[in-house]
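Heads up: the protein sequence lines correspond to chains A and G, in order. Take the first sequence: its position 195, counted from the start at 1, is 194 in numbering that gives the first Met the number 0, and no numbers get skipped. Take the second sequence: its position 104, counted from the start at 1, is 103 in numbering that gives the first Met the number 0, and no numbers get skipped. Every residue gets a Cβ at the ideal spot worked out from N, C-alpha and C, and that includes glycine. In this text, all values refer to a predicted model and were calculated from it rather than measured experimentally. Report on the following structure.
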Amino acid sequence: MKSAKSNKPSGKSRRVKPMTIESLIDTPSELTDASNSKTAIVLMTRVRLARNLASMPFPGWARPAQREESYDICRDAVSSVPAMKNNLSVSVTELSELQKQILVERHLISRELSGAKAGSGVVISQNQSISVMINEEDHLRLQVLRAGFQLKKVWNTINDLDTALEDHLDYAYSPTQGYLTACPTNLGTGMRASAMMHLPALVIAGQMEKVVRAVNQLGMVVRGLFGEGSDASGSIFQISNQTTLGEAETEIIKRLDSVLRTIIEHETNARQRLIENDAGKLFDKIGRAFGILQNSHLLNSAEAMNLLSLIRMGIDLNIFDEKERPRVDRLFIEAQPGHLQHAQKGEYEAGQRDLIRAGRLRSEFANFSQPDFSNAGNN
Amino acid sequence: MANSLKCDLCPKPATVHLTQIVNNKVHKVDLCEECAQAKGVTDPSGFSLADLLLKASLNPEQSDVGVRCEQCGYTQNDFKKYGRFGCPHCYETFTSSIHGMLESMHKGVTHTGKVPRRALARKNLHERLSQLEKDLNEAIKTERYEDAARCRDEISQVKQTIGQEPSR
């Protein structure tokens with residue numbers, strides 16, 4: 000099952016170069032540096048595919064030696080495809096808790112992988128738009144993410160990656176049930192396509208619950224920023240397909256695409272209504288957020304996200320200069336606990352973090368463009 | 000539903016009744032207060048009904064009780080405990096008990112999406128090769144030399160095709 004094409008020696012003899020989190024953070028990435036006016040409401044699009052080896056037990060049931068074996072097979076195969084040239088490949092045992100947290104905050108690994116046993120790891124592409132988790136719930140979890148609303152492009156990229164891997168791996172596949180996955184909820188296509196959406200106006204207008212219900216009825220799921228069970232601080236939501244069997248990938252994507260377009264329309268309308276009917280209240284929220292970010296000395300993660308969310312909407316509405324967008328989107332990531340502690344080169348208690356976070360944001364917002372409310376909403 | 004008063008996840012009485020319509024199919028879940036809380040049903044940021052349906056469908060009156068997967072040793076009880084399968088072969092082993100679950104969980108029960116064509120073609124070639132090698136031995140044993148020659152020619156053809164594959 001091992002690749003004959005791979006010219007690197009396979010198995011444990013191969014020393015994987017340890018990933019430096021520094022290089023990963025300092026390299027411009029899709030999530031932190033690709034934002035522009037087109038990424039206004041949909042921050043990022045993501046597709047993941049669950050795949051398994053035909054001849055091995057699923058990771059959760061495999062013995063340690065089997066886990067190691069499937070890890071080696073998968074890692075060598077993934078590292079050998081052209082799309083993963085110059086990748087960063089690392090096993091969970093080589094990562095510190097803080098490093099894992101940073102990868103979670105960048106959406107490059109899941110919380111589940113960060114808690115996984117030995118014989119698990121991740122391979123991340125150079126621009127951090129592709130990551131392949133090995134031995135999470137399934138042998139392989141391929142993921143492609145891009146800034147903005149690019150569902151079809153992301154699907155094409157991941158489809159090509161998956162096809163390239165077929166040359167090296169025998170997938171567990173049944174003609175009637177499709178790709179076989181550890182959990183039957185992923186059976187069939189093994190695909191979860193999602194968009195991370197910034198919906199502050201729907202939240203302010205109290206319409207989010209209605210949207211969640213409508214989206215659920217269409218067979219799609221709404222989750223918080225970090226997936227299942229996480230809260231939606233910063234008014235950021237993940238919308239994804241719920242079912243994976245009985246419908247082709249392209250049909251699922253088409254359906255999700257139309258749901259997302261409808262939500263974008265609702266959010267745009269809600270913003271317009273806020274400006275028309277309640278401009279004073281909206282401007283007050285944005286202005287206060289700006290004041291707090293410039294002057295506060297204690298900010299917890301959730302509050303910081305909510306304030307940044309208001310500033311971000313301010314950019315969408317032409318209240319702040321468009322050139323500030325990448326900075327705000329980067330702060331969404333860098334104000335989180337893992338990134339914050341890494342920047343300070345140490346581990347800090349939550350209370351100390353709030354102090355550090357506020358300091359970081361104060362210095363960023365000291366040289367931020369001034370708000371101009373006279374032109375709000377006119378693009 | 001007269002007996003739907005019990006929680007789908009524990010023996011307590013159900014007080015939260017959820018109905019979701021997915022693709023014109025009605026899915027119902029009944030939960031007690033605690034399970035509803037624990038599952039985040041009351042959380043406006045959303046929850047996964049599929050996950051609930053999965054656990055609720057693992058009721059005891061199923062046909063594969065006592066069956067053990069010959070490949071990995073997984074049992075129906077393990078599945079009830081973990082909600083995951085042990086290996087790809089489990090889908091065959093427990094096929095009769097998962098049909099209803101898949102039906103309630105997904106849009107359909109048959110895969111209509113991507114087919115790993117390259118991998119399947121490779122698998123077919125390898126299967127063809129081992130069949131031909133068997134035939135060749137059989138032909139030699141029974142002194143059918145014309146058949147043996149034909150097998151040998153085809154074997155070299157298949158081997159050539161495999162060699163032209165991008166890998167292996």
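Excluding five sequence neighbours on each side, which residues of the same chain lie with their C-beta closer than 6 Å to the C-beta of residue i?
| i | result |
| --- | --- |
| H296(A) | A357 |
| R143(G) | none |
| E248(A) | T188 and M190 |
| K11(G) | C31 |
| S90(A) | G120 |
| L360(A) | L292 |
For a contact meaning CB atoms closer than 9 Å, what does residue i contact in chain G?
| i | result |
| --- | --- |
| P63(A) | Within chain G, no residue comes near P63(A); the closest Cβ sits about 15 Å away, beyond 9 Å. |
| N51(A) | C86 and P87 |
| P81(A) | Under the 9 Å cutoff, chain G gives no residues; its nearest Cβ is about 12 Å from P81(A). |
By how many angstroms is the C-alpha of residue j removed from the C-alpha of residue i?
| i | j | result |
| --- | --- | --- |
| R62(A) | G82(G) | 18 Å |
| A163(A) | R145(A) | 20 Å |
| Y178(A) | A375(A) | 49 Å |
| K79(G) | L17(G) | 22 Å |
| A82(A) | A349(A) | 39 Å |
| L8(G) | K27(G) | 13 Å |
| E21(A) | P27(A) | 12 Å |
| V143(A) | I157(A) | 6 Å |
| M43(A) | Q149(A) | 8 Å |
| N377(A) | L307(A) | 21 Å |
| L244(A) | P174(A) | 12 Å |
| H138(A) | Q98(A) | 22 Å |
| C150(G) | Q100(A) | 59 Å |
| Q340(A) | Y347(A) | 7 Å |
| K133(G) | K140(G) | 11 Å |
| Q369(A) | N268(A) | 26 Å |
| G107(G) | E246(A) | 7 Å |
| I40(A) | V327(A) | 14 Å |
| W154(A) | D161(A) | 10 Å |
| K5(G) | G99(G) | 20 Å |
| H338(A) | G118(A) | 26 Å |
| K158(G) | L52(A) | 24 Å |
| H265(A) | E323(A) | 25 Å |
| A213(A) | V202(A) | 15 Å |
Along chain G, which residues have their Cβ under 8 Å away from the Cβ of residue i?
| i | result |
| --- | --- |
| E266(A) | Simply none; closest approach about 16 Å. |
| C182(A) | L53, G82, R83 and F84 |
| P170(A) | What sits at residue 170(A) in the sequence shown is Tyr, not Pro. Correct list: P115 and A118. |
Along chain A, in chain order, which residues have C-beta atoms closer than 8 Å to that of residue i?
| i | result |
| --- | --- |
| H16(G) | Residues of chain A passing the Cβ test: none, with the nearest at roughly 15 Å. |
| K158(G) | Residues of chain A passing the Cβ test: none, with the nearest at roughly 14 Å. |
| L128(G) | Simply none; closest approach about 15 Å. |
| L131(G) | By Cβ distance, chain A contributes nothing, its closest Cβ being about 20 Å from L131(G), past 8 Å. |
For residue i, is the beta carbon positioned less than 8 Å from some heavy atom of the ligand COA?
| i | result |
| --- | --- |
| G82(G) | Annotation note on the ligand COA: not contained in the displayed structure, which lists no ligands. |
Which word fits residue i, buried or exposed, when buried means at least 16 other C-beta atoms lie within 10 angstroms of its C-beta?
| i | result |
| --- | --- |
| V380(A) | The first residue shown for chain A is 0 and the last is 378, placing residue 380(A) beyond what the model contains. |
| S95(A) | exposed |
| G313(A) | buried |
| V114(G) | exposed |
| G448(A) | Given that chain A is displayed from residue 0 to residue 378, the structure contains no residue 448(A) and the question cannot be resolved. |
| R272(A) | exposed |
| P183(A) | buried |
| K11(A) | With a pLDDT of only 43 at K11(A), under the threshold of 50, the placement of this residue in the model should not be trusted, and no figure is reported. |
| P336(A) | buried |
| P56(A) | buried |
| S95(G) | exposed |
| H106(A) | buried |
| G85(G) | buried |
| G112(G) | buried |
| N276(A) | exposed |
| D315(A) | buried |
Name, please, each residue of chain G whose Cβ falls closer than 7 Å to the Cβ of residue i.
| i | result |
| --- | --- |
| S173(A) | Y90 |
| L179(A) | P87 and Y90 |
| W60(A) | C71, Y73, G85 and C86 |
| F57(A) | R83, F84, G85 and C86 |
| Q176(A) | Y90 and H110 |
| T188(A) | G112 and K113 |
How would you list, in chain order, the residues of chain A whose beta-carbon sits under 9 Å from the beta-carbon of residue i?
| i | result |
| --- | --- |
| T117(G) | It is Arg, not Thr, that sits at residue 117(G) in the sequence shown. Per Cβ cutoff of 9 Å: T162, E165 and D166. |
| I161(G) | The contacting residues do not exist; I161(G) stays about 11 Å from chain A at best. |
Kindly list the residues whose CB is nearer than 7 Å to the CB of residue i, restricted to its own chain and excluding five residues on each side of it in sequence; keep chain order.
| i | result |
| --- | --- |
| L309(A) | P199, K284, I285 and A288 |
| L48(A) | L141, I157, D161, G189 and M190 |
| A76(A) | S2, L164, H167 and L168 |
Who are the neighbours of residue i on chain A, taking C-beta pairs under 7 Å?
| i | result |
| --- | --- |
| T111(G) | G245, E246 and A247 |
| V108(G) | L244 and G245 |
Could you name the residues of the same chain whose beta carbon sits closer than 8 Å to that of residue i, not counting the 5 residues immediately before and after it, in chain order?
| i | result |
| --- | --- |
| C89(G) | C68, Q70, C71, Y73 and F78 |
| L101(G) | V108 |
Under 8 Å: do the region 286-295 of chain A and the region 363-374 of chain A share three or more Cβ pairs, one atom per stretch? yes
Would you check if the region 215-225 of chain A and the region 239-254 of chain A touch, i.e. whether three or more CB-CB distances between them fall below 8 Å? Flag = yes, the region 239-254 of chain A and the region 215-225 of chain A touch.
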